[in-house]
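Trainee: Dropping a structure here in C-alpha coordinates format, bear with me for questions.
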Amino acid sequence: MRVRAYHHHTVSRSSAALAALVIVNAAFMFCFALPVVLAFPWSRVLTATQQAWGAALISIWAIAEIPRLYAGHTGNNLQHVPALMRFALMTLVPQIPLVIVYMVMWPQRNALNEAVSITMIILLVAELFCTIRLLVTLMQRNRIDFFIFYRRNFIENRRFS
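Residue 0 in numbering that gives the first Met the number 0 sits at position 1 of the sequence shown, and the numbers go up by one each step.
Take a look at the structure:
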(Lines of atoms letter the chains of each structure in order from A and count residues from 1; the text may use other names and numbers.)
(Lines give C-alpha, C1' and ligand atoms only; values in the text may rest on other atoms or scores of the structure.)
Protein backbone atom coordinates (compact mmCIF):
# COMPACT_ATOMS: atom_id res chain seq x y z
CA MET A 1 0.00 0.00 0.00
CA ARG A 2 1.33 3.40 -0.92
CA VAL A 3 1.49 6.17 1.65
CA ARG A 4 -0.35 9.27 0.47
CA ALA A 5 2.26 11.71 1.74
CA TYR A 6 4.64 12.92 -0.91
CA HIS A 7 8.12 13.72 0.30
CA HIS A 8 10.17 16.38 -1.43
CA HIS A 9 13.58 14.81 -0.90
CA THR A 10 15.36 13.23 -3.82
CA VAL A 11 15.37 9.47 -4.00
CA SER A 12 18.17 7.71 -5.85
CA ARG A 13 16.72 4.97 -7.99
CA SER A 14 19.83 4.27 -10.00
CA SER A 15 21.22 0.76 -10.14
CA ALA A 16 24.51 0.05 -8.41
CA ALA A 17 24.84 -3.20 -10.37
CA LEU A 18 24.48 -1.39 -13.69
CA ALA A 19 27.00 1.26 -12.65
CA ALA A 20 29.50 -1.43 -11.69
CA LEU A 21 28.92 -3.34 -14.94
CA VAL A 22 29.41 -0.21 -17.06
CA ILE A 23 32.67 0.61 -15.25
CA VAL A 24 33.94 -2.98 -15.48
CA ASN A 25 33.00 -3.16 -19.17
CA ALA A 26 34.76 0.14 -19.91
CA ALA A 27 37.90 -0.99 -18.06
CA PHE A 28 37.82 -4.39 -19.76
CA MET A 29 37.32 -2.83 -23.18
CA PHE A 30 40.02 -0.16 -23.01
CA CYS A 31 42.65 -2.01 -20.98
CA PHE A 32 42.34 -5.58 -22.26
CA ALA A 33 39.97 -6.23 -25.17
CA LEU A 34 40.96 -3.36 -27.43
CA PRO A 35 44.72 -4.15 -27.41
CA VAL A 36 44.02 -7.86 -28.01
CA VAL A 37 41.53 -7.16 -30.79
CA LEU A 38 43.75 -4.56 -32.47
CA ALA A 39 46.74 -6.90 -32.56
CA PHE A 40 44.91 -9.79 -34.23
CA PRO A 41 43.74 -8.30 -37.58
CA TRP A 42 47.28 -7.35 -38.49
CA SER A 43 48.66 -10.88 -38.08
CA ARG A 44 50.18 -12.48 -41.17
CA VAL A 45 47.84 -15.48 -41.29
CA LEU A 46 44.94 -13.35 -42.54
CA THR A 47 44.32 -12.28 -46.11
CA ALA A 48 43.94 -8.63 -47.11
CA THR A 49 40.15 -9.00 -47.31
CA GLN A 50 39.97 -10.49 -43.82
CA GLN A 51 42.17 -7.70 -42.51
CA ALA A 52 39.89 -5.10 -44.12
CA TRP A 53 36.78 -6.74 -42.65
CA GLY A 54 38.48 -6.96 -39.27
CA ALA A 55 39.49 -3.30 -39.31
CA ALA A 56 35.97 -2.24 -40.33
CA LEU A 57 34.38 -4.41 -37.66
CA ILE A 58 36.69 -3.15 -34.93
CA SER A 59 36.17 0.48 -36.01
CA ILE A 60 32.37 0.16 -35.91
CA TRP A 61 32.56 -1.58 -32.54
CA ALA A 62 34.84 1.07 -30.98
CA ILE A 63 32.85 3.99 -32.43
CA ALA A 64 29.55 2.54 -31.13
CA GLU A 65 30.95 1.56 -27.73
CA ILE A 66 31.88 5.04 -26.50
CA PRO A 67 28.41 6.68 -26.88
CA ARG A 68 26.82 3.47 -25.56
CA LEU A 69 28.86 3.58 -22.36
CA TYR A 70 28.20 7.32 -22.01
CA ALA A 71 24.44 6.78 -22.37
CA GLY A 72 24.53 3.99 -19.79
CA HIS A 73 26.55 5.97 -17.29
CA THR A 74 24.58 9.22 -17.54
CA GLY A 75 21.22 7.48 -17.86
CA ASN A 76 21.87 5.48 -14.72
CA ASN A 77 23.17 8.43 -12.69
CA LEU A 78 20.43 10.84 -13.77
CA GLN A 79 17.71 8.15 -13.82
CA HIS A 80 16.91 9.25 -17.36
CA VAL A 81 14.65 6.76 -19.16
CA PRO A 82 15.48 7.79 -22.78
CA ALA A 83 19.23 7.49 -22.17
CA LEU A 84 18.73 4.05 -20.62
CA MET A 85 16.60 3.00 -23.60
CA ARG A 86 19.33 4.20 -25.95
CA PHE A 87 21.87 2.23 -23.90
CA ALA A 88 19.75 -0.93 -24.08
CA LEU A 89 19.15 -0.59 -27.82
CA MET A 90 22.80 0.11 -28.56
CA THR A 91 23.74 -2.93 -26.48
CA LEU A 92 21.20 -5.13 -28.24
CA VAL A 93 21.63 -4.05 -31.85
CA PRO A 94 25.22 -3.13 -32.72
CA GLN A 95 27.32 -4.47 -29.85
CA ILE A 96 26.19 -8.07 -29.26
CA PRO A 97 26.02 -8.94 -32.99
CA LEU A 98 29.42 -7.32 -33.63
CA VAL A 99 31.06 -9.37 -30.89
CA ILE A 100 29.40 -12.56 -32.15
CA VAL A 101 30.45 -11.84 -35.75
CA TYR A 102 33.98 -11.13 -34.57
CA MET A 103 34.05 -14.42 -32.68
CA VAL A 104 32.64 -16.49 -35.55
CA MET A 105 34.32 -14.75 -38.50
CA TRP A 106 38.00 -15.44 -37.89
CA PRO A 107 39.44 -18.53 -39.60
CA GLN A 108 42.14 -19.23 -37.01
CA ARG A 109 40.85 -18.41 -33.57
CA ASN A 110 43.02 -18.67 -30.52
CA ALA A 111 41.97 -19.14 -26.90
CA LEU A 112 42.62 -15.50 -25.99
CA ASN A 113 40.26 -14.12 -28.65
CA GLU A 114 37.54 -16.60 -27.69
CA ALA A 115 37.92 -15.72 -24.01
CA VAL A 116 37.72 -11.99 -24.75
CA SER A 117 34.63 -12.45 -26.94
CA ILE A 118 32.82 -14.68 -24.45
CA THR A 119 33.62 -12.32 -21.56
CA MET A 120 32.32 -9.36 -23.57
CA ILE A 121 29.11 -11.22 -24.44
CA ILE A 122 28.58 -12.08 -20.77
CA LEU A 123 29.13 -8.44 -19.75
CA LEU A 124 26.81 -7.14 -22.49
CA VAL A 125 24.00 -9.56 -21.60
CA ALA A 126 24.36 -8.73 -17.88
CA GLU A 127 24.22 -4.99 -18.70
CA LEU A 128 21.14 -5.56 -20.84
CA PHE A 129 19.30 -7.42 -18.07
CA CYS A 130 20.21 -4.80 -15.44
CA THR A 131 19.10 -2.01 -17.79
CA ILE A 132 15.74 -3.64 -18.53
CA ARG A 133 15.14 -4.21 -14.81
CA LEU A 134 16.04 -0.59 -14.03
CA LEU A 135 13.82 0.72 -16.86
CA VAL A 136 10.81 -1.20 -15.57
CA THR A 137 11.41 0.08 -12.03
CA LEU A 138 11.91 3.70 -13.16
CA MET A 139 8.79 3.67 -15.34
CA GLN A 140 6.64 2.30 -12.52
CA ARG A 141 7.97 4.80 -10.00
CA ASN A 142 7.69 7.72 -12.43
CA ARG A 143 4.08 6.79 -13.14
CA ILE A 144 3.26 6.61 -9.41
CA ASP A 145 5.04 9.91 -8.73
CA PHE A 146 3.13 11.56 -11.58
CA PHE A 147 -0.24 10.49 -10.19
CA ILE A 148 0.70 11.58 -6.66
CA PHE A 149 1.90 14.96 -7.97
CA TYR A 150 -1.23 15.36 -10.11
CA ARG A 151 -3.54 14.46 -7.23
CA ARG A 152 -1.80 16.85 -4.83
CA ASN A 153 -1.91 19.75 -7.31
CA PHE A 154 -5.51 18.98 -8.26
CA ILE A 155 -6.63 19.04 -4.61
CA GLU A 156 -4.70 22.27 -3.88
CA ASN A 157 -6.14 24.01 -6.96
CA ARG A 158 -9.64 22.88 -6.09
CA ARG A 159 -9.40 24.33 -2.58
CA PHE A 160 -8.58 27.79 -3.88
CA SER A 161 -11.34 27.93 -6.50
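Even for Gly, the Cβ is constructed at its ideal location relative to N, Cα and C. Small disclaimer: the values here were computed from a predicted structure and weren't measured.
According to DSSP, is N109 part of a helix, a strand, or is it coil?
Mentor: Residue 109 sits at position 110 when you count from the first residue of the sequence shown. Three-state result, N109: coil.
Trainee: Relative to the C-alpha of F128, which residue among T48, N76, L91 and W52 is closest?
Mentor: For the purposes of this step, residue 128 is taken as the residue at position 129 of the sequence shown. Cα-wise, what sits closest to F128 is L91.
Trainee: In chain order, what residues of the same chain have a beta carbon less than 8 Å from the beta carbon of E113, not counting five sequence neighbours either side?
Mentor: As a first step, residue 113 is located in the sequence shown; it is residue number 114 there, counting from the start. Taken in chain order, the residues that qualify are M102.
Trainee: Which same chain residues end up closer than 6 Å to V98 when comparing Cβ atoms and leaving out the 5 residues on each side of it in sequence?
Mentor: Along the sequence shown, one-based indexing puts residue 98 at 99. Taken in chain order, the residues that qualify are S116, M119 and I120.
Trainee: Can you list, in chain order, the residues of its chain whose CB lies under 8 Å from that of F27, leaving out five sequence neighbours each side?
Mentor: The sequence position of residue 27 within the sequence shown is 28, counting from 1. Excluding residues within five positions, the ones whose Cβ falls inside 8 Å are T118, M119 and L122.
Trainee: Would you mind listing the alpha helix (DSSP H) stretches within the stretch 0 to 87 that are 4+ residues and don't spill past its ends, in chain order?
Mentor: Segments of the alpha helix (DSSP H) lying fully in the stretch 0 to 87: 15 to 27, 33 to 38 and 47 to 77.
Trainee: Out of curiosity, what's the CA-to-CA distance linking H79 and T73?
Mentor: Residue 79 sits at position 80 when you count from the first residue of the sequence shown. Residue 73 sits at position 74 when you count from the first residue of the sequence shown. Spanning the two alpha carbons is a distance of roughly 8 Å.
Trainee: To the nearest angstrom, how far is the alpha carbon of L137 from that of R12?
Mentor: As a first step, residue 137 is located in the sequence shown; it is residue number 138 there, counting from the start. As a first step, residue 12 is located in the sequence shown; it is residue number 13 there, counting from the start. Going from the Cα of L137 to the Cα of R12 covers about 7 Å.
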